Amino acid sequence: MTLPASTQEQRRKSWLRLVVLWLLLLLLAALRPLAVPDEGRYGEVGRWMLQSGDWLVPRLDGLPFFHKPPLLYWLEAVSLAVFGSHVWALRLVPALHAGIMLAGLYLAARAIAGERVARRAGLMLGTSVAFLLGGQYVNHDMMVATWIGIAVWCFAFAFMHGARPHANLARLGFVACALGVLSKGLIGLLLPGLVLFLWLLWTRQFRKVLALPWASGLLLFSAITVPWFVLIAQKYPGAMDYLFGTQQFTRFTADTFNNVQPWWFYIASLLILLFPWAFFAGKPLWDAVKRTPAPDGVAREWSSLCWIWLAAILAFFSIPASKLIGYILPVTPPLALLAALGWERTLAHSRFAGRVFAALAALIMALALAVSLLVTRFTDDKLSGDVAQTLACDASPADTVYAVGNYPYDLPFYAQVRRPIVVIQDWPRQRKTAGDVWQRELFEGADFDPVAGRVLQTPDVLPAASAQPGNWLLVRRGREGAFGPPAWLRVQTGTGWVLFKSGASAAPATASAPEGPIAAQQKGLPGCKH
């Protein structure tokens, strides 16, 4: 059926505005360095996958890293192969998923409430902190949130199609669940299932479940998810217990992990992530409590889906003591739709509605820009980009880098190191006392691959390393006092790290010699920009 020209024009305008917001997201993604530890960690796993050619086993510092399934790392490796080793190439992966989430919301809202509400919902999500900042952060949260949302929309529209579910929409739902599982594990299946289960009971449609295309749907789901898990389980017995048991079930139920927050944490988080738009969802909530008929003709089934989606996932993630703001991203699409409905029922017909909306949107976009530009001022003491550049230009691919006191998560990516970093700690003591800290993710990875685990060394190896040419040492700034000449020669004092070179590599520098990058005498590492 051909749409009227006016309708086509309105849809073109909507898509254009959403594309502009997505391009703004890409611009913001190019403005700041990698955040540590998360972006450095997850970005380096993808880079190492591309460099090593091992697309099966995610590795951090050469050690197996089974905290999450591999979809993020696969897509990162593809992006780096196509666009080169740039930070924005890593951020393109979550940004693409944020774009899919935005498009999915717009299409769903258009079918539910019409073009006007759909455009408003898309603009609200696209001008939110959740989209403009969360959509560029290199981790698994935006990916799994996107596929959870797509799964819920696809299955919901399949069930609302008629007496029997729409088979192809349901199959797309199975595919979305599979991609969610490959993004972050069981929640990619569990959360859409929870939302839909409660919604079908509430709307008395549960009998339609029997009519789903189970055979083809499960075949698609299994074809996408099963191969990697089977291959990893065969190569590393115990890996599945670690991924699903320790990293998912235990992390959900235990109170021994980091980031313990109060029960109301995610309510406050949503108000921030979708500020100020989230407050407009109060109007549909009040209408639902009063059982007021929807003035915009939105069916009760769709309103109930949005509220159940919001409440079920909010309650689910509020149970564990450990909470992170990115976990609640899956509820931003329904909240944006509810907020758009609230706007239409309150301010849409106001004389100044357009100006107010534009001013609020501009405020949030300006805030996102300011955060992207200024965040480095508050994180410089944790970053290693400056010493990474010196190392990349002065080291050879065969050189060995040692790190003492901490792990420089962003340095391997920036320097494009060819060998894992040797991490110096009192590892026997760490195994006995370490909590939910960076040391644990390294030595637990070493348990799966003892040969690769040789990169975890104790301090007694440093004297011999200082006497051998081609060795480099990284120490957190402020803790470098014990590593002076003649054992190690200071090369550069960075904002967060101090770089040393083994004494056998060069003659000691005079006391008056300035610190800083030295002229490269060899090809260096791929990360050298000189």
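Using the working numbering, the letters of the sequence shown map in sequence onto residues 2 to 531.
Where is the CB? At the ideal position from N, CA and C, for every residue including glycine.
For clarity, every value in this text was computed on a predicted model and none was experimentally measured.
Reference residue i, options the options, closest by Cα
i, options, result
"S323", "A483, W265, V476 and T377", "W265"
"A179", "F281, L72, I314 and G239", "L72"
"S397", "F449, L219 and G471", "G471"
"D448", "R33, R60 and E40", "R60"
"L32", "V376, Y403 and E442", "V376"
"A131", "W75, L22 and V79", "L22"
"F253", "L106, V299, L187 and K209", "L187"
"A362", "G163, F276 and L199", "F276"
"L106", "K291, P334 and A393", "P334"
"V456", "A483, F484 and D427", "D427"
"I320", "G41, T8 and T251", "T251"
"I151", "T494, I101, L443 and T128", "I101"
"H531", "A393, N260, S53 and R172", "A393"
"K185", "A164, Y43 and R111", "Y43"
"N259", "G41, W75, D62 and R441", "R441"
"R477", "A468, R430, L384 and D395", "L384"
"D55", "A36, G41, E40 and W75", "W75"
"F207", "Y237, G163 and Q9", "G163"
"A359", "T128, F158, D242 and A313", "T128"
"D395", "F353, P294 and K502", "K502"
Residue i vs residue j beta-carbon contact at 8 Å
i, j, result
"G123", "L93", "no"
"D411", "G446", "no"
"E567", "S15", "The chain is shown from 2 up to 531; residue 567 falls before or after that span and cannot be answered."
"W310", "P70", "no"
"A282", "L339", "yes"
"L29", "A453", "no"
"L183", "L26", "no"
"P413", "E45", "yes"
"F280", "K209", "no"
"D297", "L336", "no"
"L199", "F317", "no"
"W439", "P38", "yes"
"I149", "P331", "yes"
"V402", "L526", "no"
"L64", "D450", "yes"
"L232", "L57", "yes"
"A240", "F67", "yes"
"A99", "R111", "no"
"A313", "L195", "yes"
"D62", "L443", "yes"
Distance between beta carbons of residue j and residue i, contact taken as under 8 Å
i, j, result
"V405", "L500", "That pair is no contact at about 12 Å."
"V227", "G189", "About 14 Å separates the two Cβ atoms, so there is no contact after all."
"A416", "G528", "4 Å"
"G504", "W489", "6 Å"
"F222", "L197", "Not really, about 15 Å apart at Cβ, beyond 8 Å."
"I329", "L315", "7 Å"
"G482", "R491", "Not a contact, Cβ separation roughly 11 Å."
"V153", "I225", "Incorrect: roughly 18 Å between the Cβ atoms, too far for contact."
"I113", "W303", "5 Å"
"A96", "S80", "So it is not a contact: roughly 10 Å between Cβ atoms."
"R121", "W344", "6 Å"
"Q458", "T391", "Contact doesn't hold; Cβ gap of about 23 Å is too wide."
Host beta strand (DSSP E) of residue i (start-end)
i, result
"W56", "Segment: none, W56 is in no beta strand (DSSP E) and carries neither H nor E."
"F501", "W498 to S503"
"V492", "W489 to T494"
"N472", "N472 to R477"
"V423", "V423 to I425"
Limits of the unbroken alpha helix (DSSP H) element including residue i
i, result
"F462", "Going by the sequence as given, residue 462 is Val instead of Phe. Neither: V462 is in no alpha helix (DSSP H) and is coded neither H nor E."
"V332", "Unbroken run through V332: none, as it is neither H nor E."
"Y534", "This structure leaves residue 534 out entirely; the chain is present only between 2 and 531."
"V182", "A168 to K185"
"A371", "A354 to L375"
"Q206", "Here Q206 belongs to no alpha helix (DSSP H), and DSSP marks it neither H nor E."
"Q431", "W428 to T434"
"S129", "From DSSP, S129 is part of no alpha helix (DSSP H); its letter is neither H nor E."
"F222", "W215 to K236"
"L73", "L72 to F84"
"H350", "First-last for H350: undefined, no H or E at that position."
"K14", "A6 to A30"
"C394", "G386 to D395"
**Touching by the beta-carbon criterion (3+ pairs, under 8 Å), the region 321 to 340 and the region 204 to 218** = Contact fails: fewer than three Cβ-Cβ distances are below 8 Å.
- Three CB pairs or more closer than 8 Å across the region 430 to 439 and the region 46 to 58: No, the region 430 to 439 does not touch the region 46 to 58.
Margin query: Counting beta carbon pairs with one atom in the region 422 to 431 and one in the region 458 to 476, are three or more of them shorter than 8 Å?
Written below: yes
Next item on the list: Indicate whether the contact test is met: 3 or more Cβ pairs, each with one atom in the region 287 to 300 and one in the region 125 to 138, closer than 8 Å.
Entry: no
Taking three-plus beta-carbon pairs below 8 Å as touching, is the region 453 to 468 in contact with the region 82 to 89?
no
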